[in-house]
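Under numbering that gives the first Met the number 0, think of the first position of the sequence shown as 0, with each following residue one higher.
This report concerns only the one structure given below.
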Amino acid sequence: MTYDLIIQGGTIVDGSGNAAYRGDIAIKDGVIAAIGAVEGSARETIDASGALVTPGFVDIHCHYDGQVSWDPDLMPSSVHGVTTAVMGSCGVGFAPVHVRDRTALIELMEGVEDIPGTALAEGINWRWESFEEYLDAIDDFPHAIDFAAQVPHDSLRVYVMGERALAGEEATDEDIATMR
C-alpha cells in the first residue's frame with residue numbers, strides 16, 4: 000500500500016498505559032492507517048529513530064486567551080507536542096467583556112500571569128463582547144493547534160457587575176442570576 004506519510008523506527012508511546020515499543024506509523028488521508036511494522040511506501044518518510052512518537056498532549060492550564068488572537072502557533076506549546084490547549088484558567092480571560100472593561104481585564108490577567116499588559120493591549124484583536132462571540136472570533140483566527148475555552152469567572156463578574164466586581168464586592172442574587 001502507498002501511504003501519505005510513514006513515521007519510521009520511533010519509540011511509540013500510545014497513551015494506553017502499555018509499554019513503549021519501537022515501530023512505525025503510517026498516515027493516509029490525514030488518518031492513522033497502520034501502526035507497528037508497516038509495509039509499503041509513502042510520499043514522505045520521517046526517520047524517528049531515537050525519538051518518542053506520542054499522541055498530541057493536552058495543556059489543561061494555559062493563558063492563551065488573548066494570544067490566540069495574534070499568534071496562530073500558540074508558542075511555545077505547539078513546538079512541545081501540545082495539540083490542544085484549554086484557556087480560561089485561574090478565572091481570568093477576555094470574554095465576556097464590555098468595551099469599557101477591556102483594560103480592567105488586561106490588568107487582571109497581568110496580575111495573575113507574567114504577561115505584560117502592553118503586549119496584551121497591543122496584541123489582542125478584540126472582535127467580541129459575549130463569550131459566544133469570543134468563541135466565534137477565536138475559531139476564525141488561524142491556529143496550528145486546537146483549543147477549548149472555559150468562561151473565566153473574573154471576566155463574567157466584571158461583565159455583569161462592572162466596578163463592583165473590581166472593588167471585590169460580593170455578587171447579589173440578581174448578579175448571580177444574570178451570570179447564569
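Ideal Cβ placement from N, Cα and C applies to all residues, glycine included.
For residue i, the nearest candidate out of the options (CA to CA)
i	options	result
A166	R156, D64, D172 and E173	R156
V52	I11, A143 and E169	I11
N124	E131, D139 and G110	D139
A32	D100, I6 and S77	I6
D16	G49, A170, P54 and M0	The sequence as given places Gly at residue 16; Asp does not occur at that position. With distances taken between Cα atoms, G16 lies closest to P54.
Beta-carbon proximity list for residue i, same chain, < 6 Å, skipping 5 on both sides
i	result
W127	A94, Y133 and A136
E43	L4
V150	F130
V67	I137
Exposure of residue i, with buried meaning 16 or more beta-carbon neighbours within 10 Å
i	result
A47	buried
Y2	buried
P141	exposed
S88	buried
M108	buried
Identified DSSP bridge partners for residue i
i	result
V57	T83
Continuous alpha helix (DSSP H) stretch holding residue i: start and end
i	result
R156	H152 to M160
G116	G116 to G122
A47	That residue, A47, is in no alpha helix (DSSP H); it is neither H nor E in DSSP.
L134	F130 to D139
R101	R101 to V111
A170	A170 -> no alpha helix (DSSP H), and no H or E assigned at all.
Limits of the unbroken beta strand (DSSP E) element including residue i
i	result
V30	V30 to G35
7 Å Cβ shell around residue i - same chain, five flanking residues per side excluded
i	result
E106	G116
A163	Position check: residue 163 holds Arg in this sequence, whereas Ala was assumed. Excluding positions up to five away in sequence, the list is empty.
E112	H62
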